[in-house]
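Letter by letter, the sequence shown follows residues 1 to 613 of the UniProt record's numbering.
Glycine included, every Cβ here is placed at the ideal spot set by N, Cα and C.
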Amino acid sequence: MLYVCVYIYIYRCPRIIIFSTYLLSILKKMEIFQQILLSTSGLLLAVFMVACSPPENHIKCSSTNTNCTITNSYGTFPDRSLCQAANVAYPTTEEELISIVAGATEAERKVKVATRYSHSIPKLVCPDGQNGLLISTNYLNRTLEIDVQSMKMSVESGVTLRQLINEAAKAGLALPYSPYWWGLTIGGLLSTGAHGSTLWGKGSAIHDYVVALTIISPGGPEDGYAKVRSLDESNSTELNAAKVSLGVLGVISKVTLQLQPLFKRSISYVVKKDTDLGDQVASFGRQHEFADITWYPSQGKAVYRIDDRISSNTSGNGLYDYIAFRSTLSLGLAAIRATEDAQESLKDPDGKCASAKLITSTLVNLAYGLTNNGIVFTGYPIIGYHNRLQSSGTCLDSPEDALITACPWDSRIKGEYFFQATFSISLSVVKSFIQDVQNLVKLEPRALCGLEQYNGILMRYVKASSAYLGKEDDALDFDMTFYRNKDPTKPRLYEDIYEEIEQLAVFKYGGLPHWGKNRNLVFNGALKKYKNAGAFLRVKEMYDPLGLFSNEWADQVLGLKGEVNIIKEGCALEGLCICSQDIHCAPRDGYLCRAGKIYQDARVCALVSNSEQ
Numbered sequence: 001m002l003y004v005c006v007y008i009y010i011y012r013c014p015r016i017i018i019f020s021t022y023l024l025s026i027l028k029k030m031e032i033f034q035q036i037l038l039s040t041s042g043l044l045l046a047v048f049m050v051a052c053s054p055p056e057n058h059i060k061c062s063s064t065n066t067n068c069t070i071t072n073s074y075g076t077f078p079d080r081s082l083c084q085a086a087n088v089a090y091p092t093t094e095e096e097l098i099s100i101v102a103g104a105t106e107a108e109r110k111v112k113v114a115t116r117y118s119h120s121i122p123k124l125v126c127p128d129g130q131n132g133l134l135i136s137t138n139y140l141n142r143t144l145e146i147d148v149q150s151m152k153m154s155v156e157s158g159v160t161l162r163q164l165i166n167e168a169a170k171a172g173l174a175l176p177y178s179p180y181w182w183g184l185t186i187g188g189l190l191s192t193g194a195h196g197s198t199l200w201g202k203g204s205a206i207h208d209y210v211v212a213l214t215i216i217s218p219g220g221p222e223d224g225y226a227k228v229r230s231l232d233e234s235n236s237t238e239l240n241a242a243k244v245s246l247g248v249l250g251v252i253s254k255v256t257l258q259l260q261p262l263f264k265r266s267i268s269y270v271v272k273k274d275t276d277l278g279d280q281v282a283s284f285g286r287q288h289e290f291a292d293i294t295w296y297p298s299q300g301k302a303v304y305r306i307d308d309r310i311s312s313n314t315s316g317n318g319l320y321d322y323i324a325f326r327s328t329l330s331l332g333l334a335a336i337r338a339t340e341d342a343q344e345s346l347k348d349p350d351g352k353c354a355s356a357k358l359i360t361s362t363l364v365n366l367a368y369g370l371t372n373n374g375i376v377f378t379g380y381p382i383i384g385y386h387n388r389l390q391s392s393g394t395c396l397d398s399p400e401d402a403l404i405t406a407c408p409w410d411s412r413i414k415g416e417y418f419f420q421a422t423f424s425i426s427l428s429v430v431k432s433f434i435q436d437v438q439n440l441v442k443l444e445p446r447a448l449c450g451l452e453q454y455n456g457i458l459m460r461y462v463k464a465s466s467a468y469l470g471k472e473d474d475a476l477d478f479d480m481t482f483y484r485n486k487d488p489t490k491p492r493l494y495e496d497i498y499e500e501i502e503q504l505a506v507f508k509y510g511g512l513p514h515w516g517k518n519r520n521l522v523f524n525g526a527l528k529k530y531k532n533a534g535a536f537l538r539v540k541e542m543y544d545p546l547g548l549f550s551n552e553w554a555d556q557v558l559g560l561k562g563e564v565n566i567i568k569e570g571c572a573l574e575g576l577c578i579c580s581q582d583i584h585c586a587p588r589d590g591y592l593c594r595a596g597k598i599y600q601d602a603r604v605c606a607l608v609s610n611s612e613q
C-alpha cells in the first residue's frame, strides 16, 4: 500500500492524527491510481490537527478602515465581482452601533453588515457603489444574560454559533437544533434562515427559537437618525419579518433565544440502497428527531443518520469533528485541486467516479468524524452530550501557521473552489423530485460522481416557519456542492445534468432557496413563493424607507428593481442566467442551449456532437 500513516500526539489537545501521504513520484507512473487517491474532497490529505491558519478578515482596506473591499470566505461571489465600500466601522457596544447607524442615515449612505467569517455565497454583504459603509459585528460578541430558570439566553449578534453552544452548555442548557458548521454568527444565520435538521418541535431553524431581538434601523431627525426597536412575541408582525431579513431591515444588535435543558443523543449511520429513497424520506424524518440523509446517487446509495435524544444517564462522551471541516495541508489541497482540474479538462468521469467511491467509503468507515470518546471511533452508537455533537468546524480554532494548513476552501491557497445549490422541497412532492433525479442518473450513470467527490447530497429536514421569509411547508432541504472552474468560460463535465437538477427543484417542484447559498438562477421569482412576502415588504418600507440597508442584489431578489439574472456570454455556466441562446453556454466547446433530458421546460447547456448541431 503506497501511503504512510503517521500518528502524532499533540500535548495541547490529545488527538490521534492520521495523515495519508502518497508517494507522488511513483504515482505519476500509475495514472489511474493517482486519479483515485488525489480526490477532490481533500479527505485523504486532511491533517486532523490543532495547528491551522485561521481564516483571514474578508474586509481589506488600503488605509485604516477606509477605501475597503469585501468578499466572502470562499473569495468570490456568484458573479466574481469584488465589492467596495468607503469605510468600515467596528462597534464594540450597542451605543456605538446606534451612533454609527445614525451618522450613516443622516448622510444617506448605503450600509451593509459584515460578519466574522462571511460565509454567505450571494452578495448579501455588498453596499452599492464605492461610497457605502460596512458595519462589522466582530466585536459585538458577548453573552449578555443566561436565565437558567426560564431557559432563555441573550447574546450580541456577533456571537458565533460555537460560542452560543458552549456558553449554553456551561449553564446546563442547549440550543436544540443548529447548522452543522459553527463558524456562523447569530446575526448572520438569522438573516439567512440557517438551520439544522428535524421535523420535531418548532423545527430545525434557529430563528424559530428567537423570542426577542433588538434591531437598529434608520430613523428620522426626531429619532436622532437611528431607531432602536425591541421586538418580542407581543409585536409578532415585526418579529416575523426580522427573524429572516436578508439584512435589509437594519442591524440586529442582540437576540434572545429559548433554550432547553442539555441532553444526550445517540447517533448511528446506516448505509442502504437508494431504490426506495423517495418512499422513505418523509417517514424517516418523523421517526428520528435529528435525522438526516446523505445521498450518493451515482452509487445508488443513501446513508441514513439515526439520531435521537436519549436519557442523560446513558454512558458516553461522543464528539463530532466533521472531517471536511478540519485543518488540511495546503500542499495537499493544491494537488487535489490540480487533479480535479485535470479530470474536468480531460473529461474523465471514470476518474471522478473512482475517487468519489474512495472518498465516500472512507467517510463512512470513519463515521464522518464522529468518535466515541473524542479520540477514536470504535463503533455505533455514538452517545454523547448534544453540545459535543450538534456542530463542528475545528479548522477555525487555531493560531497562524503561515498557511501550511488551512480550512479547505480558504481563498488564500489553491484549495476547494465550488458552487453550492441548496433548496428545500415540500415533503408532499419530494418523492417525485427524487425519482426525477434517479431517472437522470439512469440516463447518465456517471453524471453525479462529481457531487460525490464533495460527499454527495446532504438532505436535512425543515419545518414550516412563522418567519415571513422562512420555510412555507414541512420540507426536505437538498444541499449540493460541485466543481467550479476558475475560468468562467469553461463548462463542467455533465454541465447539463447539474443545471437540470437545479431547474427541476426550483421551477417544477417549487423549491425555496437557502438565502445564504446558491447561484443567481435559484433566486429567480423566489419571493412569489412566500405567502407573506407582502407583509415582509411592508415592514421593510416602515423600517428603511430610503433603502439604505438594501443593495442591488436584495432589490432584485425581493422583486423591487430589475432581475437577478445577469445576461451575458457564458452566463448559464456560472448560474447567472438560464440559457435561452447558445451564446449563454460555451458554443466553442460544443455546449449549446438545449431542453432538459426529462424536464422539457428546462434549458441547459448540453454537450452536442457535430452531427447533432
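Proximity below 9 Å, CB of residue i to CB of residue j
i, j, result
"E156", "T137", "yes"
"D279", "F290", "no"
"S211", "Q149", "Going by the sequence as given, residue 211 is Val instead of Ser. The answer is no: Cβ separation not under 9 Å."
"A226", "V376", "no"
"S197", "F263", "no"
"Y599", "K508", "yes"
"H288", "S465", "no"
"R388", "N485", "no"
"D496", "A606", "yes"
"I165", "A171", "no"
"G193", "K471", "yes"
"Q453", "E340", "yes"
"T481", "Q420", "yes"
Local Cβ density within 10 Å of residue i, reported as buried at 16 or more and exposed below that
i, result
"Q299", "buried"
"N520", "buried"
"K442", "exposed"
"P297", "buried"
"V545", "Inspection of the sequence shows that residue 545 is occupied by Pro rather than by Val. Exposed, because fewer than 16 other Cβ atoms sit within 10 Å of the Cβ of P545."
"D276", "exposed"
"G412", "Sequence check: residue 412 is Arg here, not Gly. That one is exposed."
"I215", "buried"
"P399", "exposed"
"R80", "exposed"
"D348", "buried"
"G516", "buried"
"P221", "exposed"
"K273", "exposed"
"K29", "For K29, the predicted structure reports a pLDDT of 32, less than 50, and the residue's modelled location is therefore unreliable. The matter cannot be settled from this model."
Cα-Cα separation between residue i and residue j, rounded to whole angstroms
i, j, result
"L213", "K540", "16 Å"
"H195", "I293", "15 Å"
"K60", "C68", "5 Å"
"F77", "D128", "15 Å"
"K243", "A282", "27 Å"
"D589", "S550", "39 Å"
"K357", "Y320", "23 Å"
"I306", "F284", "9 Å"
"I501", "V604", "10 Å"
"F48", "V303", "Residue confidence for F48 is low, a pLDDT of 42 falling below 50, so the modelled location carries little weight and cannot support an answer."
"G103", "Q84", "19 Å"
"P445", "N439", "9 Å"
"G525", "S234", "32 Å"
"H584", "S99", "47 Å"
"D601", "K528", "19 Å"
"G250", "V228", "10 Å"
"Y117", "I186", "12 Å"
"T422", "V557", "16 Å"
"G351", "A334", "18 Å"
"G132", "P122", "18 Å"
Within-9 Å CB hit, residue i to chain B
i, result
"Y543", "Among the protein chains of the structure shown there is no chain B, as only one such chain exists."
Residues bridged to residue i (per DSSP)
i, result
"A302", "K272 and W295"
"P218", "A226"
"T481", "Q420"
"Y461", "L476"
"M151", "For M151, which the question treats as bridged, DSSP gives no partner whatsoever."
"R309", "R265"
"H195", "A205"
"residue 615", "Summary: the structure shown does not reach residue 615, with the chain confined to residues 1 through 613, and so no result is reported for it."
**Q.** Length-filtered (4 minimum) alpha helix (DSSP H) runs lying within the stretch 339-417
**A.** 349-365 and 386-389
Q | Those runs of the alpha helix (DSSP H) which lie wholly inside the stretch 510-555 and span at least 4 residues | A | DSSP runs (the alpha helix (DSSP H)) wholly in the stretch 510-555: 533-543.
**Q.** Contained alpha helix (DSSP H) runs [length at least 4] in the stretch 41-123, N- to C-terminal order
**A.** 94-106
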